[in-house]
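**Q** For reference, the structure I am asking about is given below.
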């Protein structure tokens with residue numbers, strides 16, 4: 001069983017999300033990098049960043065990993081779901097699945113017809129607003145595993161909304177062409193970008209402290225990443241993980 005990530009680890013990961021969102025805002029990278037960075041804040045099975053198209057009255061997915069029918073629901077039907085008026089309240093800091101009142105959940109086609117068949121147990125839907133109050137889009141994150149409580153990731157997702165809103169805002173975020181760009185290639189072993197960096201470092205035989213110094217993170221965070229890597233790759237130790245990385249051709253950056 002992997003160790004729970006500390007609040008410090010999650011806050012460190014949140015900084016990476018803000019950096020990815022800033023990069024997407026300038027057009028240097030796409031919205032997919034934002035979701036990849038967000039996977040370090042909270043592990044998920046599916047996620048999407050969608051832009052609200054006021055002219056067409058629908059959402060447009062900029063990046064996401066939901067199946068096609070779920071993506072279609074988010075884009076064309078979610079704003080008609082009984083849950084959506086609650087989601088879109090600017091005063092709300094995101095609506096977590098476990099907090100949705102049962103009667104409202106039972107009336108939601110999005111949960112009944114989309115999330116429940118996927119085995120979703122937890123997650124958050126976060127509406128995003130620009131600084132001038134415009135509704136610009138939303139973040140959806142879903143997991144098949146209930147999250148622990150209290151969960152620092154809840155507060156962190158709320159704190160990230162301004163950066164995420166800028167990344168999807170048509171006035172500041174990626175161009176419409178980004179929405180039709182090919183999805184990023186699947187990551188080996190389902191590892192997050194940071195886990196791939198740590199895995200690459202394992203091929204050199206470096207200690208946790210040496211890896212931490214190279215990646216500007218703490219040795220404790222390195223240890224947590226290694227535990228996640230061993231679990232995801234289903235290997236017994238770091239030597240086996242390093243061998244897997246070498247077989248995949250994964251090498252550390254100079």
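Residue numbers (the UniProt record's numbering): 1 to 254.
We put the beta carbon where it would ideally sit given N, CA and C, even for glycine.
By how many angstroms is the C-alpha of residue 206 removed from the C-alpha of residue 219?
**A** Answer to the nearest angstrom: the Cα atoms are 12 Å apart.
**Q** Kindly indicate which three-state DSSP category residue 79 falls into: helix, strand or coil?
**A** Three-state result, residue 79: helix.
**Q** Please classify residue 246: is it buried, with 16 or more other beta-carbons within 10 angstroms of its beta-carbon, or exposed?
**A** Burial call: exposed.
**Q** Round the Cβ separation of residue 72 and residue 59 to the nearest angstrom and send it over; I've been treating them as touching at under 8 Å.
**A** Their Cβ separation, rounded to whole angstroms, is 10 Å, which puts residue 72 and residue 59 out of contact at 8 Å.
**Q** If we count the other Cβ atoms within 10 Å of its Cβ and call it buried at 16 or more, is residue 168 buried or exposed?
**A** Burial call: buried.
**Q** Let me confirm a value: residue 255 is counted as buried when at least 16 other C-beta atoms fall within 10 Å, else exposed. Which label applies?
**A** One cannot answer for residue 255 here, as it falls past the ends of the chain, which runs 1 to 254.
**Q** Within the same chain, show all residues whose beta-carbon is closer than 6 Å to that of residue 143, passing over the 5 residues directly before and after it, in chain order.
**A** The answer, listed in chain order, is 44, 45, 122 and 123.
**Q** Which one of 15, 164 and 147 has the shortest CA to CA distance from residue 139?
**A** Nearest C-alpha to residue 139: 164.
**Q** So, is the C-beta of residue 124 closer than 7 Å to a C-beta in chain C?
**A** As a matter of chain content, chain C is missing from the structure shown, which is built from one protein chain.
**Q** Sort out for me which residues DSSP pairs residue 126 with in a bridge.
**A** According to DSSP, which records beta bridges pairwise, residue 126 is partnered with 139.
**Q** Classify residue 29 as buried or exposed, calling it buried when 16 or more other Cβ atoms lie within 10 Å of its own Cβ.
**A** So residue 29 counts as buried.
**Q** Buried or exposed, going by whether 16 or more other CB atoms sit within 10 Å of the CB of residue 7?
**A** Residue 7 comes out exposed.
**Q** Suppose contacts are defined by Cβ-Cβ distances below 7 Å. Is residue 10 in contact with residue 41 by that definition?
**A** In this structure, residue 41 lies closer than 7 Å to residue 10 by Cβ.
**Q** On a CA-only basis, which of 35, 226, 111 and 128 is nearest residue 53? Give me that one, please.
**A** When each option's Cα is compared against that of residue 53, the closest is 128.
**Q** Report yes if the C-beta distance between residue 158 and residue 94 is below 7 Å; otherwise report no.
**A** Yes, the Cβ-Cβ distance between residue 158 and residue 94 is below 7 Å.
**Q** Report buried or exposed for residue 213, applying the criterion of at least 16 other Cβ atoms within 10 angstroms of its Cβ.
**A** That one is exposed.
**Q** Run through the stretch 19 to 50 for me and flag every whole alpha helix (DSSP H) of 4 or more residues, listed as ranges in chain order.
**A** Here the runs fully enclosed are 31 to 38.
**Q** Quick one, which of 25, 15, 21 and 13 has its alpha-carbon nearest residue 170's?
**A** For residue 170, the nearest C-alpha among the options comes from 25.
**Q** Determine the closest residue to residue 197 out of 162, 252 and 56, with distance taken between C-alpha atoms.
**A** Nearest option by C-alpha distance: 252.
**Q** For the candidate residues 242, 107, 12 and 67, whose alpha-carbon lies nearest to that of residue 119?
**A** When only C-alpha atoms are compared, the closest one is 67.
**Q** Cα separation between residue 156 and residue 18?
**A** So the alpha carbons of these two residues sit roughly 11 Å apart.
**Q** What does residue 221 pair with, by DSSP beta-bridge criteria?
**A** DSSP output for residue 221 lists no bridge partner at all.
**Q** Cα separation between residue 65 and residue 211?
**A** Cα to Cα, the separation comes out at about 30 Å.
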